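Structure first, then comments.
Protein chains: 2
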Amino acid sequence: MQNPVTVEVTRGNRVESRHRGMAVAVDGAGRIVFSAGDVEAGVFPRSACKAMQALPLIESGAADAFTLSARELALACSSHSGEDEHVATAAGMLQKAGHDLSVLECGAHWSSDQQTLIHQARTLERPTALHNNCSGKHSGFICTCVQSGWDPKGYVGYDHPLQAEIRAVMQALTGAVLDRDTCGTDGCSIPTYAVPLTGLAHGFARMLTGEGLSPARAAASRRLMEACMAEPFYVAGTKRACTRLMEVAPGKIFAKTGAEGVFVAALPEQGVALAVKCEDGTSRAAESMIYALIARFFEPGSETRDTLIAMANRPLSNWNGIHVGDIRVTDALFA
Amino acid sequence: MQNPVTVEVTRGNRVESRHRGMAVAVDGAGRIVFSAGDVEAGVFPRSACKAMQALPLIESGAADAFTLSARELALACSSHSGEDEHVATAAGMLQKAGHDLSVLECGAHWSSDQQTLIHQARTLERPTALHNNCSGKHSGFICTCVQSGWDPKGYVGYDHPLQAEIRAVMQALTGAVLDRDTCGTDGCSIPTYAVPLTGLAHGFARMLTGEGLSPARAAASRRLMEACMAEPFYVAGTKRACTRLMEVAPGKIFAKTGAEGVFVAALPEQGVALAVKCEDGTSRAAESMIYALIARFFEPGSETRDTLIAMANRPLSNWNGIHVGDIRVTDALFA
Numbered sequence: 001m002q003n004p005v006t007v008e009v010t011r012g013n014r015v016e017s018r019h020r021g022m023a024v025a026v027d028g029a030g031r032i033v034f035s036a037g038d039v040e041a042g043v044f045p046r047s048a049c050k051a052m053q054a055l056p057l058i059e060s061g062a063a064d065a066f067t068l069s070a071r072e073l074a075l076a077c078s079s080h081s082g083e084d085e086h087v088a089t090a091a092g093m094l095q096k097a098g099h100d101l102s103v104l105e106c107g108a109h110w111s112s113d114q115q116t117l118i119h120q121a122r123t124l125e126r127p128t129a130l131h132n133n134c135s136g137k138h139s140g141f142i143c144t145c146v147q148s149g150w151d152p153k154g155y156v157g158y159d160h161p162l163q164a165e166i167r168a169v170m171q172a173l174t175g176a177v178l179d180r181d182t183c184g185t186d187g188c189s190i191p192t193y194a195v196p197l198t199g200l201a202h203g204f205a206r207m208l209t210g211e212g213l214s215p216a217r218a219a220a221s222r223r224l225m226e227a228c229m230a231e232p233f234y235v236a237g238t239k240r241a242c243t244r245l246m247e248v249a250p251g252k253i254f255a256k257t258g259a260e261g262v263f264v265a266a267l268p269e270q271g272v273a274l275a276v277k278c279e280d281g282t283s284r285a286a287e288s289m290i291y292a293l294i295a296r297f298f299e300p301g302s303e304t305r306d307t308l309i310a311m312a313n314r315p316l317s318n319w320n321g322i323h324v325g326d327i328r329v330t331d332a333l334f335a
Numbered sequence: 336m337q338n339p340v341t342v343e344v345t346r347g348n349r350v351e352s353r354h355r356g357m358a359v360a361v362d363g364a365g366r367i368v369f370s371a372g373d374v375e376a377g378v379f380p381r382s383a384c385k386a387m388q389a390l391p392l393i394e395s396g397a398a399d400a401f402t403l404s405a406r407e408l409a410l411a412c413s414s415h416s417g418e419d420e421h422v423a424t425a426a427g428m429l430q431k432a433g434h435d436l437s438v439l440e441c442g443a444h445w446s447s448d449q450q451t452l453i454h455q456a457r458t459l460e461r462p463t464a465l466h467n468n469c470s471g472k473h474s475g476f477i478c479t480c481v482q483s484g485w486d487p488k489g490y491v492g493y494d495h496p497l498q499a500e501i502r503a504v505m506q507a508l509t510g511a512v513l514d515r516d517t518c519g520t521d522g523c524s525i526p527t528y529a530v531p532l533t534g535l536a537h538g539f540a541r542m543l544t545g546e547g548l549s550p551a552r553a554a555a556s557r558r559l560m561e562a563c564m565a566e567p568f569y570v571a572g573t574k575r576a577c578t579r580l581m582e583v584a585p586g587k588i589f590a591k592t593g594a595e596g597v598f599v600a601a602l603p604e605q606g607v608a609l610a611v612k613c614e615d616g617t618s619r620a621a622e623s624m625i626y627a628l629i630a631r632f633f634e635p636g637s638e639t640r641d642t643l644i645a646m647a648n649r650p651l652s653n654w655n656g657i658h659v660g661d662i663r664v665t666d667a668l669f670a
């Protein structure tokens, strides 16, 4: 199946580049309420599913035992930019669990946000594992291991009890079979599993609505999503897409990006969850796609919808600030 | 016309992302010797055509009048990383023409190369126009203006005599009509014109072979391409694709990238020029495409061909250095 062109990038009066992709919106019962492209194809959710991966942090009792704040829970679901507040918060989570950064197995990298990287270059010799965009998720993993009585060593491995627990949670939420065949290795070394885009969206719709979940899992899901919406800076960072999206309409949009052009969102008022994948893995397109898809679910004429449409169809400027073209979504997503 | 998938990005045993694109190889007479995708569609060459834009620097007599070195000529054709040597060389060119960086109209930006940006952040308050990746091209423009008796002010504008001259040169080389309709504004504020990919490749094939050119233009073309091949660091920078490509087989490959997934190359021994455009504008795909397309023109079993194939089909590692997948070209480009 051919995925449609969902985003065009113009220059002058020509289209310079085109992005294809798929997009789906699903309710708690699994009904598809919008779809474009091959939404049954397997997609690696990458970091977009971090809130799912954080469920054992709540369900194990670790979040309560270590009195994790909303900021800390948001950071456990985050792909942060490595700003000072992110790094300090991750360090604090590890300290509560009786560990320090030496326990982390995510690797280290400089920030991919330019302004943060400039700050890091001026204040650090080199980044540590705490600066890794996944350090909050990994610090949550350590809390879960300690609370569950699991030796954290090797916690990123497919056979570690933590990853087995995450696999079971994600399989129940998405309805997909997660095994060695569908498994790849993520940037931070944990397993990532290819799931149909519809299954990914349905999993978030279940988390959002609690439909088909135990009361405990429904409550844990709500707690994580509410923490992210309450502390959007801790889910991403300054000027980042997830943070900006959750600031557009506080409490009305949960959103999380993943590498290679994946983006998910969940809308509490509408009871639907959304997932997009840009076929070529480009963030600029995935961002426009999720902005436009979310906009469909807000009232025509509302400020939220107008803001989202303006984010989806945005001008591009050059180094002198001159308007040179636009990024715009096609009518495959928003007519 | 549907462009084929030319590059796949894998994770585990799945394809995670796909890039489509077009590719063409043309000889000096304009014969198409390889083609994939819609190679007659208009494409903005962006920085890929800088060697064409530098022809007036030679033809005006400025290069001789200001005794420009091979390094300076290479920098005039470059999209450099803003490393110290690039910045100093651009400043030297301006000084020879009796100007300084205040004459530049390209705007300023931090390096897009991470290691260079870290160095810049530690040594600079902020970048200047000399750090702009186009500062070598613009310094060449200033030399041309001074030699030609044109006031440099407004030299980036469509109606300035410099841009009119560049337009005439590029129209003659590519055979395309360059006018306000096909014109967009580039990142550094000069005009960029949509031309068919075949026309872009034919233009470079003419520069390479001299076919259909005046002796003076043929000599100027050869001089610029030879300068780039002799000083590949000054065309891009440390670890950059253009620099690495021209180091694979010194004197046998001219190569230049442009924004939004364009890449051109010219092969002196084979007398052909190549141009690719990744439909979605992604550099990783454009790089694999040009590596594979160049490889087709070297002998099976040769070191050059094997090196290029290995560059085109390369492993991807995560933050811990673990092999997580591959970038690979499809048989649309290389069977």
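Protein sequences appear in the order of chains A and B. Residues in the first sequence are numbered from 1 upward in steps of one, following the numbering used here. Residues in the second sequence are numbered from 336 upward in steps of one, following the numbering used here. We put the CB at the ideal spot given by N, CA and C, even for glycine. As the structure is a computational prediction, the values presented were derived from the model and not from experiment.
The alpha helix (DSSP H) that contains A/Thr123, what's its start and end?
Sequence index remark: in the first sequence, residue 123 of chain A carries index 123 (1-based). Note, A/Thr123: alpha helix (DSSP H), Gln114 to Thr123.
With 9 Å as the limit, tell me which residues of the region 306-333 of chain A have their beta carbon closer than that to any beta carbon of chain B; keep them in chain order.
Within the region 306-333 of chain A, the residues whose Cβ lies closer than 9 Å to some Cβ of chain B are Asn318, Trp319, Asn320, Gly321, Ile322, His323, Val324 and Gly325, listed in chain order.
In terms of residue numbering, what span does the alpha helix (DSSP H) encompassing B/Ala304 cover?
Absent from the structure is residue 304 of chain B, since the part of chain B shown begins at 336 and ends at 670.
With distances taken from CA atoms, which of A/Asn132, A/Ser102 and A/Ala91 is nearest A/Trp110?
For the purposes of this step, residue 110 of chain A is taken as the residue at position 110 of the first sequence. Across the set A/Asn132, A/Ser102 and A/Ala91, the C-alpha of A/Asn132 shows the shortest separation from the C-alpha of A/Trp110.
In angstroms with no decimal places, state the Cα-to-Cα distance between B/Ala511 and B/His434.
On the second sequence, position 176 is the one that residue 511 of chain B refers to. On the second sequence, position 99 is the one that residue 434 of chain B refers to. B/Ala511 and B/His434: Cα-Cα distance of roughly 34 Å.
Taking the C-alpha atoms as reference points, what is the distance between A/Cys188 and A/Cys278?
In the first sequence, counting from the first residue as 1, residue 188 of chain A sits at position 188. In the first sequence, counting from the first residue as 1, residue 278 of chain A sits at position 278. Spanning the two alpha carbons is a distance of roughly 21 Å.
Name the one or two DSSP bridge partners that A/Gly258 has.
If you number the first sequence from 1, residue 258 of chain A lands on position 258. For A/Gly258, which the question treats as bridged, DSSP gives the partners A/Val262.
The alpha helix (DSSP H) enclosing B/Cys478, as first and last residue numbers
Position 143 of the second sequence, counted from the start, is the residue given in the question as residue 478 of chain B. From DSSP, the alpha helix (DSSP H) with B/Cys478 extends over Ser470 to Ser483.
Counting only beta-carbon separations shorter than 8 Å, does B/Asp448 have a partner in chain A?
Here residue 448 of chain B refers to the residue found at position 113 of the second sequence. Closer than 8 Å: no.
Just checking: is the beta-carbon of B/Leu452 within a distance shorter than 8 Å of some beta-carbon in chain A?
Along the second sequence, one-based indexing puts residue 452 of chain B at 117. Answer yes: the Cβ-Cβ gap between B/Leu452 and chain A drops below 8 Å somewhere.
Would you say B/Thr592 reaches chain A, if we count a Cβ-Cβ gap shorter than 8 Å as a contact?
By 1-based counting over the second sequence, the position of residue 592 of chain B is 257. Chain A contact via Cβ: absent.
Contact under 8 Å by Cβ, A/Gly325 with A/Glu16:
As a first step, residue 325 of chain A is located in the first sequence; it is residue number 325 there, counting from the start. As a first step, residue 16 of chain A is located in the first sequence; it is residue number 16 there, counting from the start. With contacts defined by Cβ atoms closer than 8 Å, A/Gly325 and A/Glu16 form a contacting pair.
contact_flag[the region 255-267 of chain A, the region 87-101 of chain A] where n(CB pairs < 8 Å) is 3 or more
With a cut-off of 8 Å, the region 87-101 of chain A and the region 255-267 of chain A do not count as touching, because too few Cβ pairs lie within range.
Among residues of its own chain, excluding the 5 on either side of A/Ser317, which ones have a beta-carbon nearer than 7 Å to its beta-carbon?
As a first step, residue 317 of chain A must be located in the first sequence, where it is residue number 317. Contacts found: His323 and Val324.
Beta-carbon spacing of A/Leu104, A/Ala121 below 8 Å:
Here the question's residue 104 of chain A lines up with position 104 in the first sequence. Here the question's residue 121 of chain A lines up with position 121 in the first sequence. No, they are not a contact pair.
Beta-carbon proximity check, A/Gly140 vs A/Leu173, cutoff 8 Å:
Position 140 of the first sequence, counted from the first residue, corresponds to residue 140 of chain A. Position 173 of the first sequence, counted from the first residue, corresponds to residue 173 of chain A. No, the Cβ-Cβ distance between A/Gly140 and A/Leu173 is not below 8 Å.
For the candidate residues B/Thr592, B/Phe632 and B/Leu535, whose alpha-carbon lies nearest to that of B/Pro603?
For the purposes of this step, residue 603 of chain B is identified with residue 268 of the second sequence, where counting begins at 1. Of B/Thr592, B/Phe632 and B/Leu535, the smallest CA-CA separation from B/Pro603 is found for B/Phe632.
For the beta strand (DSSP E) that B/Cys613 lies in, which residues bound it at each end?
In the second sequence, counting from the first residue as 1, residue 613 of chain B sits at position 278. From DSSP, the beta strand (DSSP E) with B/Cys613 extends over Val607 to Cys613.
Boundaries (first-last residue) of the alpha helix (DSSP H) holding A/Asp186
Sequence index remark: in the first sequence, residue 186 of chain A carries index 186 (1-based). Per DSSP, A/Asp186 belongs to no alpha helix (DSSP H) and is neither H nor E.
In terms of residue numbering, what span does the alpha helix (DSSP H) encompassing B/Leu508 cover?
Locating residue 508 of chain B in the second sequence gives position 173, counting from the first residue. Taken as a continuous stretch (DSSP letters only), the alpha helix (DSSP H) holding B/Leu508 covers Pro496 to Thr509.
I want to see whether chain B comes within less than 8 Å of A/Ala108, judged by CB atoms only; does it?
The residue given as residue 108 of chain A occupies position 108 in the first sequence. A/Ala108 counts as touching chain B.
Have a look at A/Phe34 and A/Glu125 and give me their C-alpha separation to the nearest angstrom.
Locating residue 34 of chain A in the first sequence gives position 34, where the first residue counts as 1. Locating residue 125 of chain A in the first sequence gives position 125, where the first residue counts as 1. Each residue's CA atom was taken as its position, placing A/Phe34 and A/Glu125 some 48 Å apart.
What first and last residue would you give for the beta strand (DSSP E) that runs through B/Arg346?
Working through the second sequence from its first residue, we reach residue 346 of chain B at position 11. According to the DSSP assignment, B/Arg346 belongs to the beta strand (DSSP E) that extends over Val340 to Arg346.
Looking only at DSSP bridge pairs, what is B/Arg663 linked to?
What you label residue 663 of chain B is simply residue 328 of the second sequence in a count that begins at 1. According to DSSP, which records beta bridges pairwise, B/Arg663 is partnered with B/Glu343.
Let me make sure I understand the geometry here. Which of B/Ala400, B/Gly547 and B/Ser437 has the alpha-carbon closest to that of B/Gly484?
Here residue 484 of chain B is taken as the residue at index 149 of the second sequence, counted from 1. Measuring C-alpha to C-alpha distances from B/Gly484 to each of B/Ala400, B/Gly547 and B/Ser437 identifies B/Ala400 as the nearest.
Note down, in chain order, every chain B residue with its Cβ under 7 Å from the Cβ of A/Asp280.
In the first sequence, residue 280 of chain A corresponds to position 280, counting from 1. Neighbours of A/Asp280 on chain B, chain order: Ser352, Arg353, His354, Asp615 and Thr617.
In chain B, which residues lie less than 8 Å from A/Ser189 when you measure between Cβ atoms?
Numbered from its first residue, the first sequence carries residue 189 of chain A at position 189. Within 8 Å Cβ-Cβ: Asn653, Trp654, Asn655 and Ile657.
Using CA coordinates, which residue listed in B/Arg366, B/Gly363 and B/Gly377 is at the minimum distance from A/Gly14?
Mapped onto the first sequence, residue 14 of chain A falls at position 14. This sequence places Arg at residue 14 of chain A; Gly is not what is there. Nearest option by C-alpha distance: B/Gly377.
Thinking C-beta only, is A/Ala312 closer than 8 Å to A/Ala6?
Working through the first sequence from its first residue, we reach residue 6 of chain A at position 6. Working through the first sequence from its first residue, we reach residue 312 of chain A at position 312. According to the sequence provided, residue 6 of chain A is Thr. The question's Ala does not apply to it. Inclusion of A/Thr6 and A/Ala312 in the CB contact set at 8 Å is not warranted, their separation being larger than that value.
Is the Cβ of B/Thr341 closer than 8 Å to any Cβ of chain A?
Counting from 1 along the second sequence, the entry for residue 341 of chain B is found at position 6. Taking Cβ atoms only, chain A never reaches closer than 8 Å to B/Thr341, which makes this a no.
Taking the alpha-carbon of B/Leu559 as reference, which of B/Met336, B/Ser382 and B/Leu392 has the nearest alpha-carbon?
Looking up residue 559 of chain B in the second sequence gives position 224. Per the Cα distances, B/Leu392.
When the cut-off is 8 Å and only beta carbons count, does B/Glu595 lie next to chain A?
Along the second sequence, one-based indexing puts residue 595 of chain B at 260. Contacts with chain A at 8 Å (Cβ-Cβ) include B/Glu595.
From what residue to what residue does the beta strand (DSSP E) around A/Ile23 run?
Here residue 23 of chain A refers to the residue found at position 23 of the first sequence. Looking at the sequence shown, residue 23 of chain A is not Ile but Ala. Its beta strand (DSSP E) spans residues Arg14 to Asp27.
Check B/Leu643 in the structure and name its three-state DSSP category.
As a first step, residue 643 of chain B must be located in the second sequence, where it is residue number 308. DSSP, reduced to helix, strand and coil, places B/Leu643 within a helical segment of the structure shown.
Is any beta-carbon of chain A found at less than 8 Å from that of B/Phe379?
In the second sequence, counting from the first residue as 1, residue 379 of chain B sits at position 44. Yes, because at least one Cβ of chain A sits closer than 8 Å to the Cβ of B/Phe379.
Determine, using beta carbons only, whether A/Gly21 and A/Ala285 come nearer to each other than 8 Å.
Looking up residue 21 of chain A in the first sequence gives position 21. Looking up residue 285 of chain A in the first sequence gives position 285. In this structure, A/Gly21 lies near A/Ala285, with their beta-carbon atoms less than 8 Å apart.
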